[in-house]
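Protein chains in written order, with my numbering: chain U, 32 to 302; chain C, 618 to 866. Backbone N, C-alpha and C fix where the C-beta goes; we use that ideal spot for every residue, glycine too. Note that the structure is predicted; figures quoted are calculated from it, not measured.
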Ligand SMILES: Nc1ncnc2c1ncn2[C@@H]1O[C@H](COP(=O)(O)OP(=O)(O)OP(=O)(O)O)[C@@H](O)[C@H]1O
Ligand SMILES: [Mg+2]
């Protein structure tokens, strides 16, 4: 049985695409056949983060419109077995995402894949609604600041009322929180919300805390999901989160400031 | 699939839907009476905030067919008393035509029983068989066990609203009766929205953006730190919104 996961947030730029790429890669590394779909029609970022932008010929919208076969649009990752990307169109807009078309593509994919990961666009308009409509599980990507938390809360409400599971009275969409761009030092200075503050408002289980990290930008510049940067905090945090998603018991890391030696403190000051 | 319809609806430039509003009816018995406007003035002054720019329906039903008065001037006078005539009911034909010409909307006259006030004791009162008994039907409260999220609105029509989870900032609770929140109340809670001044808001932890009873409200800025994050009940006394800590034993 395949499982449809949506990576969603309401607010833009919080790390959905970064997390989708990392998560899909992590699931594939654990041996699950995984596809990650870009629902951000018109912007197309996922293929860049996954480093396959030069191999895109056909896309999700072509498949929805019957202009290409699914097998023509799916891009197999060069690094990892079991990992596929379904890129989106840069020239069309979100109206191209018809409910029937999306449903048909998802049905076809679920015959082959263990996990289908949907990278949602920002907002609560058509693209975002389509990406969450068929979901079994939602990963709510949130930054530790008030407006992001508010938007995530809003999305949780949408999941509870306008997803397929809600409309058909099925078991509700399960939900987990991925708190990204967490900077423990800024949290300590009171400039960002604490993990507990966010959990108090959203009241859903915590999947992981991804620290703010230079490694993320570095990785996306070379088209590599940051989870493959095993030396980085962010990469390790994503690996932990994938483990927790699969049921492993892993303690949360990167939530309190690292103790710094004199040397790095001096470095910081001059930076 | 209805989600697609909803998408289409949200993109539409307008939506048309039915709604019902409660309006006051100004019963016009003697428009030419010298006492009409002085008495209206007294009435309006008793509750200036309530009446200010309130829409009213002019009821001409009791006007004699022979009445002659300048309707446009009459409407202007009513407006000068901060009431906004928007429609009319009944009346002799010339009056109705003048009302239409003045831009008032004819309202359907399927009205409730007339109020009988100031007519002395009702002779039927002594005879129980003849009195109308109103059966009070129990309306079960609306109970919500899931968190009420930002952007959600829950309305308990003609009854109480009970939430056994938290209410997020940006969420809105409405009830004709009382509102109970057995979690943190961080959004808006409006009790007695149809005017029940005895309605109350009870909550486990008061962090609300707005609390209100029968339209009298307080915003979070005006909720003192004595009550913030405390179990509190909110109610009206003599037209003023009050808060009390709930004693937990
Ligand atoms: N943990 C992190 N540390 C530092 N930078 C990060 C982190 N996560 C994401 N970013 C950066 O934040 C920016 C937005 O990330 P991303 O594109 O993943 O967000 P998104 O939610 O998909 O945005 P959109 O809503 O536009 O689709 C990118 O520049 C990315 O490199
Ligand atoms: Mg994105």
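Proximity below 9 Å, CB of residue i to CB of residue j
i, j, result
"residue 200 (chain U)", "residue 765 (chain C)", "no"
"residue 661 (chain C)", "residue 700 (chain C)", "yes"
"residue 228 (chain U)", "residue 175 (chain U)", "yes"
"residue 115 (chain U)", "residue 173 (chain U)", "no"
"residue 148 (chain U)", "residue 89 (chain U)", "no"
"residue 275 (chain U)", "residue 238 (chain U)", "yes"
"residue 811 (chain C)", "residue 793 (chain C)", "yes"
"residue 226 (chain U)", "residue 286 (chain U)", "yes"
"residue 680 (chain C)", "residue 642 (chain C)", "no"
"residue 202 (chain U)", "residue 193 (chain U)", "no"
"residue 82 (chain U)", "residue 241 (chain U)", "no"
"residue 851 (chain C)", "residue 818 (chain C)", "yes"
"residue 52 (chain U)", "residue 77 (chain U)", "yes"
"residue 128 (chain U)", "residue 92 (chain U)", "yes"
"residue 60 (chain U)", "residue 101 (chain U)", "no"
"residue 208 (chain U)", "residue 146 (chain U)", "no"
"residue 841 (chain C)", "residue 809 (chain C)", "no"
"residue 151 (chain U)", "residue 40 (chain U)", "yes"
"residue 777 (chain C)", "residue 801 (chain C)", "no"
Identified DSSP bridge partners for residue i
i, result
"residue 797 (chain C)", "C:779 and C:819"
"residue 183 (chain U)", "According to DSSP, which records beta bridges pairwise, residue 183 (chain U) is partnered with nothing at all."
"residue 697 (chain C)", "DSSP lists no partner for residue 697 (chain C)."
"residue 859 (chain C)", "C:852"
"residue 149 (chain U)", "U:37 and U:68"
"residue 681 (chain C)", "Answer is none; residue 681 (chain C) lacks a bridge partner."
"residue 644 (chain C)", "C:676"
"residue 125 (chain U)", "According to DSSP, residue 125 (chain U) bridges with nothing at all."
Below-9 Å beta-carbon distance, residue i vs any chain U residue
i, result
"residue 860 (chain C)", "no"
"residue 709 (chain C)", "no"
"residue 763 (chain C)", "yes"
"residue 693 (chain C)", "no"
"residue 766 (chain C)", "yes"
"residue 773 (chain C)", "no"
"residue 733 (chain C)", "With a pLDDT of 33 at residue 733 (chain C), under the threshold of 50, the modelled position of this residue cannot be trusted; read the value that follows with caution. Not closer than 9 Å to any Cβ of chain U, the Cβ of residue 733 (chain C) fails to qualify, so no."
"residue 803 (chain C)", "yes"
"residue 783 (chain C)", "yes"
"residue 788 (chain C)", "yes"
"residue 641 (chain C)", "no"
"residue 724 (chain C)", "no"
C-beta neighbour in chain C for residue i, strict 9 Å
i, result
"residue 238 (chain U)", "no"
"residue 232 (chain U)", "yes"
"residue 188 (chain U)", "yes"
"residue 191 (chain U)", "yes"
"residue 185 (chain U)", "yes"
"residue 181 (chain U)", "yes"
Nearest-angstrom beta carbon gap, residue j and residue i [assumed within contact, 8 Å]
i, j, result
"residue 805 (chain C)", "residue 790 (chain C)", "7 Å"
"residue 72 (chain U)", "residue 158 (chain U)", "6 Å"
"residue 259 (chain U)", "residue 56 (chain U)", "7 Å"
"residue 190 (chain U)", "residue 210 (chain U)", "Rounded, the Cβ-Cβ distance is 18 Å, inconsistent with contact."
"residue 803 (chain C)", "residue 825 (chain C)", "7 Å"
"residue 682 (chain C)", "residue 709 (chain C)", "5 Å"
"residue 705 (chain C)", "residue 693 (chain C)", "Wrong, their Cβ atoms sit about 15 Å apart, outside the cutoff."
"residue 268 (chain U)", "residue 284 (chain U)", "7 Å"
Inter-residue spacing [alpha-carbon to alpha-carbon] between residue i and residue j
i, j, result
"residue 629 (chain C)", "residue 849 (chain C)", "42 Å"
"residue 934 (chain C)", "residue 243 (chain U)", "As displayed, chain C neither begins before 618 nor continues past 866, which places residue 934 (chain C) out of reach and without an answer."
"residue 198 (chain U)", "residue 165 (chain U)", "11 Å"
"residue 656 (chain C)", "residue 649 (chain C)", "13 Å"
"residue 49 (chain U)", "residue 117 (chain U)", "15 Å"
"residue 86 (chain U)", "residue 69 (chain U)", "15 Å"
"residue 184 (chain U)", "residue 177 (chain U)", "11 Å"
"residue 737 (chain C)", "residue 839 (chain C)", "Any reading at residue 737 (chain C) must be qualified, since the residue scores a pLDDT of 37, below 50, and its modelled position is unreliable; the value itself is stated next. Cα to Cα, residue 737 (chain C) sits roughly 46 Å from residue 839 (chain C)."
"residue 277 (chain U)", "residue 783 (chain C)", "29 Å"
"residue 779 (chain C)", "residue 265 (chain U)", "42 Å"
"residue 261 (chain U)", "residue 32 (chain U)", "30 Å"
"residue 647 (chain C)", "residue 669 (chain C)", "23 Å"
"residue 712 (chain C)", "residue 636 (chain C)", "28 Å"
"residue 807 (chain C)", "residue 206 (chain U)", "30 Å"
"residue 813 (chain C)", "residue 830 (chain C)", "8 Å"
"residue 827 (chain C)", "residue 179 (chain U)", "21 Å"
"residue 80 (chain U)", "residue 221 (chain U)", "32 Å"
"residue 131 (chain U)", "residue 44 (chain U)", "28 Å"
"residue 685 (chain C)", "residue 651 (chain C)", "15 Å"
Residue-level contact to chain B via CB, residue i, 9 Å cutoff
i, result
"residue 817 (chain C)", "Here the protein chains are U and C, and chain B is not one of them."
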